[in-house]
Amino acid sequence: MSADPLLAIEDLRVGFRTDDGLVQAVRGLSLQVAPGGALGIVGESGSGKSVAMLTVLGLTRGPNAEIAGEIRFEGRDLVGARESELRAVRGRRIAMIFQDPQSSMHPFYRVGRQLVEALKAHQTMTRTAARERAVELLALVGIPEPRRRVDAYPHEYSGGMRQRAMIAMALANDPELLIADEPTTALDVTVQAQILDLLARLREELGMALVLLTHDLGVVAQVTDEIAVMYAGEVVERGSREAILTAPEHPYTWGLLRSIPRLDRPRGEELVPIAGSPPSLLAPPSGCAFHPRCPYVREAHRRVHPQLDPAPGAVVHDVRCLLPATTRRRLWRELAAPAEGGAR
Amino acid sequence: MVTYILRRLLWAAFLVLVVSFLTFVIFYALPSADPAVLRAGARSGNQALLESIRDTLGLDEPWYVQYAKYMERLLFHFDFGFSYRNDASVREQIFDRIPATASLVLGAAVVWIAVGIPVGVVSATRRRSWIDRIAMGAALVAISAPVYWLGLVVLYLFADDIGRFPVFKGSGSYVPLTESPAGWFGSLLLPWLVLAATAAAFYARLLRGNLRDVLSEDYIRTARAKGLRERSVVWRHGVRSAITPVVTLLGLDIGILLGGAILTETVFNIPGVGRLAFSAIRGADLPMIQGTVLIGALFIILANLVVDVLYGFLDPRVRVG
Chain A
1 MSADPLLAIE
11 DLRVGFRTDD
21 GLVQAVRGLS
31 LQVAPGGALG
41 IVGESGSGKS
51 VAMLTVLGLT
61 RGPNAEIAGE
71 IRFEGRDLVG
81 ARESELRAVR
91 GRRIAMIFQD
101 PQSSMHPFYR
111 VGRQLVEALK
121 AHQTMTRTAA
131 RERAVELLAL
141 VGIPEPRRRV
151 DAYPHEYSGG
161 MRQRAMIAMA
171 LANDPELLIA
181 DEPTTALDVT
191 VQAQILDLLA
201 RLREELGMAL
211 VLLTHDLGVV
221 AQVTDEIAVM
231 YAGEVVERGS
241 REAILTAPEH
251 PYTWGLLRSI
261 PRLDRPRGEE
271 LVPIAGSPPS
281 LLAPPSGCAF
291 HPRCPYVREA
301 HRRVHPQLDP
311 APGAVVHDVR
321 CLLPATTRRR
331 LWRELAAPAE
341 GGAR
Chain B
345 MVTYILRRLL
355 WAAFLVLVVS
365 FLTFVIFYAL
375 PSADPAVLRA
385 GARSGNQALL
395 ESIRDTLGLD
405 EPWYVQYAKY
415 MERLLFHFDF
425 GFSYRNDASV
435 REQIFDRIPA
445 TASLVLGAAV
455 VWIAVGIPVG
465 VVSATRRRSW
475 IDRIAMGAAL
485 VAISAPVYWL
495 GLVVLYLFAD
505 DIGRFPVFKG
515 SGSYVPLTES
525 PAGWFGSLLL
535 PWLVLAATAA
545 AFYARLLRGN
555 LRDVLSEDYI
565 RTARAKGLRE
575 RSVVWRHGVR
585 SAITPVVTLL
595 GLDIGILLGG
605 AILTETVFNI
615 PGVGRLAFSA
625 IRGADLPMIQ
635 GTVLIGALFI
645 ILANLVVDVL
655 YGFLDPRVRV
665 G
């Protein structure tokens, strides 16, 4: 990570007061994104990744929200920022796209009009200029016949085209950072790959940073340099893409890797689901948050909350696990062993 | 689109037929006063007179013959017949009274929209604030208060003849717009407010509920993430979606009321279609009852058609080819 990160989140805590108590959605999240960098945040639903990123944009603020910690973007604090300052950041410096492009566009307005609206929210330009730019943006994200499609309604687009249009809208004001929240989850598999390619290409061409939220390690593997794995509102492991994919050290990451099919593994190898279900955020587990589901849990893990410590010997790799590093590496070698056997 | 409207109009004609038939049947099936006796008035003891009245009005013929004759005149001559009571043309009587009813209803609609929509939006966006609680409390009172009661209360309080604070024109002061715009406006102020009160409350509650749902939609989050002002988010993205059912309701309400706002017209003694219908029922004046019922049905059918066409403009997803 470079000395001057574009986005730096330090010990972020986000809770929501409900009738049942405080839902601790994010519990001490720290991460950085370098200018032009690409970070993938992986976690199940309820891991806090979406809430954390919505908080960056100030979109979780409300009478029932409790937000503490620090979010610095280009050196400016966003947690304490006034609403008007945040509005100048939203859609201008940081843009965000969402999981379901169908419901994320206003059904009653033409796509072009929604693009123009995004442009005009931050720039003074004539209607014709804005419309021209809207057509350009649609072309940039690979929508065929943009001049005709600019006047279509969202329901006249296919799912993939709608997500492309959402991306175009996000790019309207040349943001420094694009946050993509499960951008491919609602799409067909073939379209998923196209959208990921598009995101990778745009990031390269426009030099913007990308934060990709997903529950699918396969998705982040395609487009990001760094990966952070979130569980129960905190990062449990983070590091370079290679480190996380080839030498993961956290049992939860192992579980994620072993629960997805991979082409580099022998055919017929069994997928192993992670036992149990995500923890309640009303009363997160004591000690290590993963201990109720961890196959390697020891008595002390129920009491001691692990810190996010550098993995010994690795350059960019931190793990939040109480198991000794040597034990972790031995366990992963054993788990990964069948792959080598199959590759023979 | 054109074939769609044509189909709807044919359907409307059929409905009018059914409505008129039902009115006829109900009139004859249910016990009512003898129109001939009512017409004869003080001289109703005179059998010969009653006979001649029955003969002139065609009352001695079987009801289905009467119905056939009535429909023939209506369909081929747009003739609604003549009042049993004073031989006045039903069509003229009704058309003369439409402006008063239209003034009352359209003016009230302006008031209830101007009040109901902002209140609904403010309540939805500041839910559980004191302003929301006060607005919804007031709405509950307004919905619960019947028009005739509310009308009499405001007359007692504010009418210039009997009121405690005589600031507004009272009952029976209606002046047509063409005669005196200022007089028209002054005389209708209280009726507008009274007729609008319930509707405004209802619209505010409807919009509040709809808008609350809409504001949790994904596209509202997108609008915020774009960096739009909260005002644009709420009005251009939120209200734009939440207003559609309100527009539907508005069309139907106006359609229903144009057929006669009986209670308000009666309380404020406004010479509208509603009062005409009311006195026709009391006088067993079948042609007049038929006429007002048919006009009412026609307005409702037209309102439905307008609403359906309008819906296509409001929601591009339901636009008909």
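Just so you know, the protein sequences line up as chains A and B, in that order.
If you're matching positions, the first sequence starts at 1 in the numbering used here and goes up one per residue.
If you're matching positions, the second sequence starts at 345 in the numbering used here and goes up one per residue.
From the three backbone atoms N, C-alpha and C, an ideal C-beta is built for every residue, glycine too.
Could you give the DSSP three-state label for A:G21: helix, strand or coil? A:G21 carries a strand assignment under DSSP once its states are collapsed to helix, strand and coil.
At least one CB of chain B closer than 9 Å to the CB of A:E205: is that the case? Interface with chain B (9 Å Cβ-Cβ cutoff): A:E205 is excluded.
For A:Q32: DSSP bridge partner residues: Its beta-bridge partners are A:A8.
How would you label B:M345, buried or exposed, when you count the other beta carbons within 10 angstroms and need 16 or more for buried? Counting of Cβ neighbours within 10 angstroms places B:M345 among the exposed residues, the total staying below 16.
Leaving out five residues before and five after B:D659 in sequence, what residues of the same chain have Cβ atoms less than 7 Å from its Cβ? Here the set comprises T588.
DSSP three-state call for A:A180: helix, strand or coil? A:A180: strand per DSSP, three-state reduction.
Cα-Cα separation between A:M251 and A:V42, rounded to whole angstroms: The amino acid occupying residue 251 of chain A in the given sequence is Pro; Met does not appear at that position. Roughly 14 Å separates the two Cα atoms.
What in chain B is Cβ-close to A:R164, meaning under 8 Å? By Cβ distance, chain B contributes nothing, its closest Cβ being about 15 Å from A:R164, past 8 Å.
Distance, Cα to Cα, A:T253 vs A:P273? Whole-angstrom Cα-Cα distance: 12 Å.
Within the 9 Å Cβ cut-off, does B:Y563 reach chain A? Interface with chain A (9 Å Cβ-Cβ cutoff): B:Y563 is included.
Would A:Q123 be called buried (16 or more neighbouring beta carbons within 10 Å of its own) or exposed? So A:Q123 ends up on the exposed side.
Which residues, taken in chain order from the stretch 170-189 of chain A, show a beta carbon closer than 7 Å to some beta carbon of chain B? Within the stretch 170-189 of chain A, not one residue has a Cβ closer than 7 Å to any Cβ of chain B.
Would you say B:G616 and B:L450 are within 9 Å of each other, going by their C-beta atoms? At the C-beta level, B:G616 and B:L450 stay beyond 9 Å of one another.
Please report the straight-line C-alpha distance between A:A38 and A:L178, rounded to a whole angstrom. If you take the alpha carbons of A:A38 and A:L178, they lie about 9 Å apart.
Looking at B:A541: is its Cβ nearer than 9 Å to the Cβ of B:A479? Cβ atoms of B:A541 and B:A479: not closer than 9 Å.
Less than 6 Å between C-beta atoms, sequence neighbours within five positions excluded: which residues of the same chain meet that for A:Y109? Contacts found: none.
Skipping 5 residues on each side, what residues in its chain have a beta carbon closer than 8 Å to that of B:L393? Counting only Cβ-Cβ distances below 8 Å, and skipping sequence neighbours, we find A384, R387.
Buried or exposed: A:H214, going by 16 or more other Cβ atoms within 10 Å of its Cβ? Note on residue identity: the sequence assigns Thr, not His, to residue 214 of chain A. So A:T214 counts as buried.
Under a three-way DSSP split, which group does B:R565 fall into? DSSP places B:R565 in helix when its eight states are reduced to three.
Could you give the DSSP three-state label for A:M166: helix, strand or coil? For A:M166, the secondary structure class from DSSP, reduced to helix, strand or coil, is helix.
What would DSSP say about B:I487, mapped onto helix, strand or coil? Correct three-state label for B:I487: helix.
Which residues of chain A have a Cβ atom closer than 8 Å to the Cβ of B:S585, listed in chain order? By Cβ distance, chain A contributes H106, P107, F108.
Which complete alpha helix (DSSP H) runs does the stretch 557-601 of chain B hold, if anything under 4 residues is left out? Segments of the alpha helix (DSSP H) lying fully in the stretch 557-601 of chain B: 562-569.
So does the stretch 161-171 of chain A actually touch the stretch 138-147 of chain A, counting three or more Cβ pairs closer than 8 Å? The stretch 161-171 of chain A is in contact with the stretch 138-147 of chain A.
Which residues mark the beginning and the end of the beta strand (DSSP E) in which A:Y231 is found? Boundaries of the beta strand (DSSP E) harbouring A:Y231: 226-231, taken from the DSSP string.
Cα-Cα separation, A:A343 to A:A336: Model confidence at A:A343 stands at a pLDDT of 42, short of 50, so the residue's coordinates are unreliable and nothing is read from them.
Just to confirm, is the Cβ distance from B:T469 to B:L555 under 9 Å? Yes, these two residues count as a Cβ contact at 9 Å.
Does B:K570 get closer than 9 Å to chain A when you measure Cβ to Cβ? By the rule that beta-carbons nearer than 9 Å mark a contact, B:K570 touches chain A.
Whole angstroms is fine: what's the gap from A:L137's alpha carbon to A:Q194's? Straight-line Cα distance between these residues: approximately 17 Å.
Residue span of the alpha helix (DSSP H) that contains B:T400, given as start and end: Annotation for B:T400: the continuous alpha helix (DSSP H) segment containing it runs 391-401.
Taking B:F622 and B:I600 to be in contact with their CB atoms under 8 Å, please state how far apart those CB atoms are, rounded to whole angstroms. About 16 Å separates the two Cβ atoms, so there is no contact after all.
Can you give the beta carbon distance from B:G656 to B:V650, rounded, assuming they're within the 8 Å contact cut? Not quite, the Cβ-Cβ distance comes to about 11 Å (not below 8 Å), so this is no contact.
B:D313 versus chain A: which residues are under 8 Å apart at the beta carbon? Nothing can be reported for residue 313 of chain B: it is not among the residues displayed for chain B, which extend from 345 to 665.
Can you find at least 3 beta carbon pairs, one from the stretch 483-490 of chain B and one from the stretch 409-420 of chain B, that sit closer than 8 Å? Three or more beta-carbon pairs separated by less than 8 Å are not found between the stretch 483-490 of chain B and the stretch 409-420 of chain B, which leaves the two stretches without contact.
For the stretch 399-406 of chain B against the stretch 361-370 of chain B, do three or more pairs of beta-carbon atoms, one drawn from each stretch, fall closer than 8 Å, so that the two count as touching? These segments do not touch.
A:T128 versus A:L202, A:A139, A:V116, residue with shortest Cα-Cα distance: Residue nearest to A:T128 within the set A:L202, A:A139, A:V116 is A:V116 (criterion: CA-CA distance).
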